[in-house]
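Residue numbers (my numbering): 5 to 1174.
Glycine residues also receive a C-beta, built at the ideal position from the N, C-alpha and C atoms.
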């Protein structure tokens, strides 16, 4: 009124500016700060009024400039003004603490928290019980995310006689107090990353308290909503304990009890279900018993004049909030609630002809909410053994009375809380432990006449809340994630006719049921957010299921059902649909079933979606004659090109027909292409398709090349990167076709001339620019990988300037300061050095060697690992050149550079295992490459000694088995160089000692095989050193043969036969080189272990070993070749002269002749049969 009066008296009067944000709080805070503690009536009244004003103040978003320190200081001052005997003021100040901290989202600092906690705990202990509710709410707000700072007061709160522990028992206190106490306990359990967590005793107290609440029944006098809130608080507390990362559920009883209550409350209040779960779930491979109470089946109204599914009414108004102070935050990552679905009333029984037809038929509408889909879903209600009640009673958003609607909302929150807690449980236990409970949560095909067991899919299909359905699907996805090894046991390709059901068949049945239920959920779902979760869950299932061990047609059903969703109005649904298609084409590729699906006509499965059909059929993005010709050539047996490739190409490069059909931000920016996530997913599908089904993609080689070019020319770095990845996959596919072991017929391969044309297009296009784009190092690295995937036969046919361009770019990028780029360039050089057209160029090999050596000293471990791999390849090239070109190449190659390489490789052999494994490989090659004129030079002598010592120490080290395997292989290469003083050098005994130690005792049989191979490489007796040295090697090999089955690792047994083969070959090789002084040790073996050696030697002679993993140094031999080797060894022993070994010689000859006689007599019947 004053402002109006002023305006009336002053014609041109100006209004006072409005108060700034937070000014009311600061004014009231200043007034409160000026007061002093007093017990007068006027003082109490003034404090009351100030508290009321502070509570009723309208605080703007973000607090209006009010800081956490301001709020904390005000609350401390308020508590100082209120004595604990002033109970009304104590209640009011508690309300103020709760209101301000919640409204302004303030977490109190440690110093003020100490005072406020001491005050509230004392108030609770001294004040009357009517104040306790407000005090507990204040306490709950204070400890929120402050549990680690409350250590001093935890005995008062969580000790044996602690406030919260006593109040948390619903049977011993007021229900509302119990709920508030559990809420406070849950807030204490909230942890901040990086800060100390609750001590284990208090964690256990909280865990047991929450578990006890969930295991108890609702007490008399507690209303349903309060009970729901109590359950929510207990579930939230458990989730916080599990998310903290310190709660380890190692005891089976503890985990089983938790999973039992979670399963119980996953279905809390779900219409039409009333399940009883045991107190503890125990791990079992077979479905567990669900003691469900029978549910009365409501008769369905099948009035033909009314539709089977009622239309949903819009919810009127917002749902009411819960009790004051119970603002539980939703778990991170949950999907927001959307419109509730009236579907989900679908039978989960398989075997019905109608059900099969329903699944194989295409969906009527991409969003799953069309009338046809609803009518089909409704037709299954009559036969459902656990259907929901009628739609008017079960619709989540029906306006049917405030209390009932509120009750359903709280029950849904309990179910969501249980699922969120289950998700945290999954993340806190090992997968192998989790899968023991698979049958309790994942559906299985019911037996004849048996009801469908309740599972996560029950919620996904039946829950009226879209948010709860999405939560269940998130949990199921988490269970399926990483389940490949567990599901790999599934097998149902053959008919099962046994008296018992094998575990493999049970798992296969579960996989089939998951497919069926998820596809039912897909066509019944109307919420876009939940639909996205269903498709993601399907993608996870497809990525982990072993389709090569299952009956076909599972993927066909998924494929046909997902097609319409590619054009769904929601962008997230479109992205997840493409993700699912990518999972299908990458699942155990190539699968015959998927090959047939890729050859389907473009319109297959899309007949009911006209827009999708027309869109797919119009995806000829290149309309020239050459494109049409290529498409005709690449058409499959049906005469149709691969529709998925055409689809993905059109998504990536064609403008959208309905450019603004959904509310994408790109529309507002005038972008007529599909949103970036959709285009990126389409590029990933193309890359996966090229990787798994290159034979189908090769007809589109030039088109896909142009797609890659167009992507790399764009400004979006993600699109550019995926374009480079697609190019790399195309190059890799071409290389695979031309490998020596390729099964693709020559007539079916892409002609080299076309490959040359393809790479010429790339090198004349955006690839060189991408390689030089220093602003995007990730793109540079991917472009390096793409450049390294050039087919060697095509590279040699490229124009000279293009070859030089490739080499120059890679050598230049090897100097990049970015480790990602430098590592990729070093690896690409390691590929190029193997090209036959480049490896004989001494200058190129030298330049590459210098570049690789520079990277080998980089500070980045990844760069050093890639450089070591490339150095190993380069030294392989040196050996190939030495064998093909002879001494001319060795003399031309710089001795100084060779010395530098030896020193660098020796130094790298002391690096991390990823570097070491290739460094020792390079050392073996380099020491093999050395010539006599290198070895005699003084500067080489010390380096050679250090290099060999590095190999010996690596063989004996505790490094990974791959490193030791390579070190043994490298020592074998060293032994091949006859110029080295093997047998006379001091390191000879050490080298043989390392190999004999490994061949006898290494846990890894592949390392033993390589050490035995190395021991059989020297081709002169003097290289084995003294008689004692020879005897040690011989005895070690005999001992190794005796221990060839001694292993605790089951996986090593498959190498037993290969190991024995290699040891027998080494023993025969040693016999062939033995002299008279060596015969005594051989005779000793014959006398002590003759029977054992004879047994294995006969096995060696009789049959070859399939899958010998002995490497190129010892190729597999035929029985005739083995017989010949032993006969030659016998002839050599017979020819040994010298009186000292006559008796031994006779014994050995007789022994060998006995073996050959036994072998020959056993082989003759086989020959006569032939």
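- Under the three-state reduction of DSSP output, residue 150 falls in the coil class, being neither helix nor strand.
- Just so you know, the alpha carbons of residue 927 and residue 1011 end up roughly 18 Å apart.
- Between residue 1075 and residue 1137, the beta carbon gap of about 6 Å places them in contact (Cβ cut-off 8 Å).
- Non-local C-beta neighbours of residue 138 in its own chain, meaning closer than 6 Å and more than five positions away in sequence, comprise 95, 98, 99, ordered along the chain.
- In this structure, residue 787 lies near residue 774, with their beta-carbon atoms less than 8 Å apart.
- Less than 8 Å separates the beta-carbon of residue 190 from that of residue 240.
- Exposed is the label assigned to residue 937, since fewer than 16 other Cβ atoms lie within 10 Å of its Cβ.
- Sequence-distant partners of residue 767 (beyond 5 residues in either direction) whose C-beta falls short of 8 Å from its own C-beta, in its chain, are 802, 806, 809, 810.
- Here the alpha carbon of residue 543 sits roughly 16 Å from the alpha carbon of residue 690.
- Residue 1163 holds the alpha-carbon nearest to the alpha-carbon of residue 1126 among 1163, 733, 50.
- At the C-beta level, residue 285 and residue 253 stay beyond 8 Å of one another.
- Across the set 161, 934, 539, 911, the C-alpha of 911 shows the shortest separation from the C-alpha of residue 957.
- With 16 or more other Cβ atoms from the protein chains shown falling within 10 Å of its own Cβ, residue 1048 counts as buried.
- If you draw a straight line from the Cα of residue 267 to the Cα of residue 218, it comes to about 11 Å.
- By the 16-neighbour rule on beta-carbons within 10 angstroms, residue 134 is exposed.
- A straight-line Cα-Cα distance of about 55 Å links residue 238 and residue 717.
- With respect to the C-alpha of residue 548, the residue from 160, 590, 517, 563 having the closest C-alpha is 590.
- Excluding residues up to 5 positions away in sequence, nothing lies with its Cβ nearer than 6 Å to the Cβ of residue 118 in the same chain.
- Bounds of the alpha helix (DSSP H) holding residue 50 are 45–60.
- Cβ neighbours of residue 558 within its own chain (closer than 6 Å, five residues either side excluded): 519.
- At the C-beta level, residue 834 and residue 877 come within 8 Å of one another.
- In the displayed model, residue 178 falls within coil according to three-state DSSP, outside both helix and strand.
- Going by beta carbons, residue 574 and residue 514 fall outside the 8 Å limit.
- Judged by DSSP in its simplified three-state form, residue 519 adopts helix.
- The three-state secondary structure of residue 201, taken from DSSP, is coil.
- Under the three-state reduction of DSSP output, residue 848 falls in the helix class.
- Note on the segment 461–511: whole alpha helix (DSSP H) runs with a minimum of 4 residues are 470–484, 488–491, in chain order.
- Excluding five sequence positions before and after residue 996, the CB atoms of its chain that fall closer than 8 Å to its own CB belong to 1019, 1028, 1029, 1033, 1036, 1037, given in chain order.
- The beta carbon of residue 777 sits closer than 7 Å to those of 783, 784, all from its chain and outside the five residues before and after it, given in chain order.
- With distances taken between CA atoms, residue 924 lies nearest to 969 out of 969, 946, 939.
- Note that the C-beta distance between residue 680 and residue 654 is not below 8 Å.
- Cα atoms of residue 1042 and residue 1084: separation of roughly 15 Å, rounded to the nearest angstrom.
- The shortest CA-to-CA distance from residue 1056 to any of 1072, 1013, 1031 is the one to 1013.
- When the five nearest sequence neighbours on each side are left out, the beta carbons in the same chain lying within less than 8 Å of the beta carbon of residue 1140 are those of 1078, 1079, 1080, 1083, 1149, in order along the chain.
- The three-state reading of DSSP puts residue 270 in helix, counting H, G and I together.
- Rounded to the nearest angstrom, the Cβ distance from residue 551 to residue 595 is 6 Å, consistent with a contact under 8 Å.
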